[in-house]
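Residues in the sequence shown are numbered consecutively from 1, following full-length UniProt numbering. Worksheet: the structure to be examined is printed underneath.
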Amino acid sequence: MILFESLEKQNEEINENFKEKSKEILLNDLFKVENVDSGSSNDIITYYRTNKNEIYRNFSTPRGLALIINNYQFINKQNREGTQVDEFSLCNLFKQLGYKIICERDLTARQMWITIQKFAEREEHLQCDSAIVVVMSHGVFDHLLGIDEMPVNFHSFVSCLNSKNAPKLIGKPKIFIVQACRGENYDEGVEHITEECVDGPSFSPLFSIFSKYIKPNNNNNNNNPLNASSIFRNAPSPNSQNYFNESRVQKRLKIEKVPTFADILIASATTSNNVSWRNSATGTW
């Protein structure tokens with residue numbers, strides 16, 4: 001309980017300072033893009049403009065809302081020791097990525113349903129470019145468990161953020177991260193013979209690929225300068241003033257159907273029918 005109380009205080013500090021920090025994060029991102037060689041960076045901008053319909057925008061402040069459901073203490077099942085470490089690590093990560101963090105702890109199955117449904121309805125989603133949901137709990141097969149050990153169907157849980165139930169998130173990436181068992185089998189692994197190397201492998205081929213596009217801006221060549229701020233800020237956005245100005249001159253509305261479960265990514269700590277591993281001192285493997 002002491003660790004959870006300290007986490008609560010840290011999360012409050014994170015959210016209180018979020019508005020100031022998020023602006024700094026966005027400026028840092030744009031600064032990194034601006035400080036590349038102008039000749040090579042033209043390829044990046046050209047690619048973005050040509051394929052922007054295939055690239056998720058993630059420039060909003062905040063980037064999105066990050067919901068963390070952390071079930072630690074159960075009625076009959078053993079406590080999930082180490083989950084406090086996971087929560088602390090995730091909060092630090094999402095803070096650095098520019099997300100607004102919402103933490104909920106020790107929820108019953110009914111409370112988990114209420115929490116995800118209220119999360120789907122939050123007005124902030126209109127101003128954000130993405131959303132993240134993390135669930136850390138006991139589980140079995142296709143169900144998550146509340147602390148009352150009542151099941152929550154995971155497919156139905158994810159459905160709360162689909163295009164039908166969360167229209168504010170249509171076209172925006174929705175990431176689900178799940179740390180829970182999906183069965184009772186233990187993966188014992190497979191023996192694999194590898195060679196031991198004293199010196200690590202060279203990464204120069206990897207970096208040479210990126211160097212084609214991104215190079216240090218060591219010269220003062222001002223030809224074709226890259227103004228990343230204006231490029232990204234002028235990109236079409238449903239919330240931008242340009243969008244509403246253009247919409248006034250449209251003669252008709254075009255209605256399109258989108259897939260119900262589009263733009264959803266699910267990351268699970270284990271495969272179907274297997275248990276997930278968690279270290280009681282250091283958290284999830």
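Note that beta-carbon positions come from the ideal geometry of N, C-alpha and C, so glycine has one too.
For this session: Put K164 into one of helix, strand or coil per three-state DSSP.
Result: Position 164 of the sequence shown, counted from the start, is the residue given in the question as residue 164. Residue state, collapsed to three classes: coil.
Exercise. Between Q117 and the rest of its own chain, which residues show a CB-CB distance below 7 Å, the 5 nearest in sequence each way excluded?
Worked result: For the purposes of this step, residue 117 is taken as residue 117 along the sequence shown, with counting starting at 1. Correct list, in chain order: C160.
Exercise. Buried or exposed: which applies to A269, given that a residue is buried once 16 or more other Cβ atoms fall within 10 Å of its Cβ?
Worked result: Numbered from 1 along the sequence shown, position 269 holds the residue referred to as residue 269. Label assigned to A269: buried.
Exercise. How big is the Cα-Cα spacing for A267 and C103?
Worked result: Locating residue 267 in the sequence shown gives position 267, where the first residue counts as 1. Locating residue 103 in the sequence shown gives position 103, where the first residue counts as 1. If you take the alpha carbons of A267 and C103, they lie about 19 Å apart.
For this session: Could you check how far apart the C-beta atoms of V85 and G283 are, in whole angstroms? I think they sit under 8 Å.
Result: Mapped onto the sequence shown, residue 85 falls at position 85. Mapped onto the sequence shown, residue 283 falls at position 283. 4 Å between Cβ atoms; contact.
For this session: Using three-state DSSP, classify C128 as helix, strand or coil.
Result: Position 128 of the sequence shown, counting from 1, holds the residue named residue 128. Three-state DSSP puts C128 in coil, outside helix and strand.
For this session: Look at the Cβ atom of K172, then the Cβ atom of S130, and state whether they are nearer than 8 Å.
Result: Taking the sequence shown and counting its residues from 1, the one referred to as residue 172 is at position 172. Taking the sequence shown and counting its residues from 1, the one referred to as residue 130 is at position 130. A contact, by the Cβ cut-off of 8 Å.
For this session: Work out the CA separation of H138 and Q78 for me, nearest whole Å.
Result: For the purposes of this step, residue 78 is taken as residue 78 along the sequence shown, with counting starting at 1. For the purposes of this step, residue 138 is taken as residue 138 along the sequence shown, with counting starting at 1. Roughly 9 Å between the two C-alpha positions.
Exercise. Is H138 helix, strand or coil when you go by DSSP?
Worked result: Taking the sequence shown and counting its residues from 1, the one referred to as residue 138 is at position 138. The answer is coil: DSSP assigns H138 none of H, G, I, E or B.
Problem set entry | Spatial neighbours of I175 in its chain, beta-carbon cut-off 6 Å, leaving aside the 5 residues before and after | What you label residue 175 is simply residue 175 of the sequence shown in a count that begins at 1. So the list reads I132 and L265, once near-sequence residues are dropped.
Exercise. What do you get for F119, buried or exposed, if any count of 16 or more other CB atoms within 10 angstroms of its CB means buried?
Worked result: For the purposes of this step, residue 119 is taken as residue 119 along the sequence shown, with counting starting at 1. Under this definition F119 is a buried residue.
Exercise. Does the separation of the CB atoms of S280 and E81 fall below 8 Å?
Worked result: Here residue 280 refers to the residue found at position 280 when the sequence shown is read from its first residue. Here residue 81 refers to the residue found at position 81 when the sequence shown is read from its first residue. Yes, the pair counts as a contact, with Cβ atoms nearer than the cut-off.
For this session: Quick one: measure Cβ to Cβ for L126 and A180, integer angstroms, because I've assumed they're closer than 8 Å.
Result: In the sequence shown, counting from the first residue as 1, residue 126 sits at position 126. In the sequence shown, counting from the first residue as 1, residue 180 sits at position 180. The pair is not a contact, with the Cβ atoms about 30 Å apart (cut-off 8 Å).
Problem set entry | For Q73, three-class secondary structure by DSSP | Along the sequence shown, one-based indexing puts residue 73 at 73. Of the three classes helix, strand and coil, the one that applies to Q73 here is coil, per DSSP.
Problem set entry | Contacts around L97, its chain only, beta-carbon distance under 7 Å, and the 5 residues preceding and following it disregarded | Position 97 of the sequence shown, counting from 1, holds the residue named residue 97. Counting only Cβ-Cβ distances below 7 Å, and skipping sequence neighbours, we find R63.
Exercise. Is N91 helix, strand or coil when you go by DSSP?
Worked result: Within the sequence shown, residue 91 is the residue found at index 91, counting from 1. The sequence shown places Cys at residue 91, rather than the Asn named in the question. It is helical.
Exercise. Comparing alpha-carbon positions, which option in A262, Y72 and R252 lies nearest N165?
Worked result: Here the question's residue 165 lines up with position 165 in the sequence shown. Of the listed residues, the one whose Cα sits closest to N165 is A262.
For this session: Buried or exposed for E121, please, with buried defined as at least 16 other CB atoms from any protein chain shown within 10 angstroms of its CB.
Result: To locate residue 121, count along the sequence shown from 1; it is residue 121. Exposed, by the Cβ-count rule.
Exercise. With DSSP run on the structure shown, which of helix, strand or coil describes V190?
Worked result: On the sequence shown, residue 190 is found 190 positions in, with the first residue counted as 1. Here V190 sits in coil by DSSP.
Problem set entry | Rounded separation between N153 and D106 - CA only | The residue labelled residue 153 in the question sits at position 153 within the sequence shown. The residue labelled residue 106 in the question sits at position 106 within the sequence shown. Their Cα atoms are separated by approximately 18 Å.
For this session: Please look up how many angstroms separate the CB atoms of E87 and N76, rounded, as I've assumed it's under 8 Å.
Result: What you label residue 87 is simply residue 87 of the sequence shown in a count that begins at 1. What you label residue 76 is simply residue 76 of the sequence shown in a count that begins at 1. About 23 Å separates the two Cβ atoms, so there is no contact after all.
Exercise. Residues in its own chain within less than 8 Å of P151 by CB, not counting five upstream and five downstream?
Worked result: Numbered from its first residue, the sequence shown carries residue 151 at position 151. Within the same chain, P151 has close Cβ partners A109, V140, H143, L144 and L145.
Problem set entry | Distance between R252 and A66 (C-alpha atoms, nearest Å) | Numbered from 1 along the sequence shown, position 66 holds the residue referred to as residue 66. Numbered from 1 along the sequence shown, position 252 holds the residue referred to as residue 252. When rounded, the distance between both Cα atoms is 36 Å.
For this session: Following the continuous beta strand (DSSP E) through V178, name the residue where it begins and the one where it ends.
Result: If you number the sequence shown from 1, residue 178 lands on position 178. Element bounds for V178: K174 to Q179.
Problem set entry | With 16 other Cβ atoms within 10 Å as the buried cut-off, status of L93 | As a working mapping, residue 93 is identified with position 93 in the sequence shown. By the neighbour-count rule (16 or more Cβ atoms within 10 Å), L93 is not buried but exposed.
Exercise. When the Cα atoms are used, what is the spatial distance from F74 to C91?
Worked result: Against the sequence shown, residue 74 aligns to sequence position 74. Against the sequence shown, residue 91 aligns to sequence position 91. If you take the alpha carbons of F74 and C91, they lie about 23 Å apart.
For this session: Helix, strand or coil for V85, going by three-state DSSP, please let me know.
Result: Start at 1 with the first residue of the sequence shown, and residue 85 comes out as number 85. Helix at V85.
Problem set entry | Same chain, Cβ closer than 6 Å to S56, five either side skipped, listed in chain order | Along the sequence shown, read from residue 1 onward, the residue named residue 56 stands at position 56. The sequence as given places Tyr at residue 56; Ser does not occur at that position. Contacts found: P173.
For this session: Return the chain-ordered list of same chain residues with a C-beta closer than 6 Å to the C-beta of R278, the five sequence neighbours on each side being excluded.
Result: In the sequence shown, residue 278 corresponds to position 278, counting from 1. Correct list, in chain order: G82 and T284.
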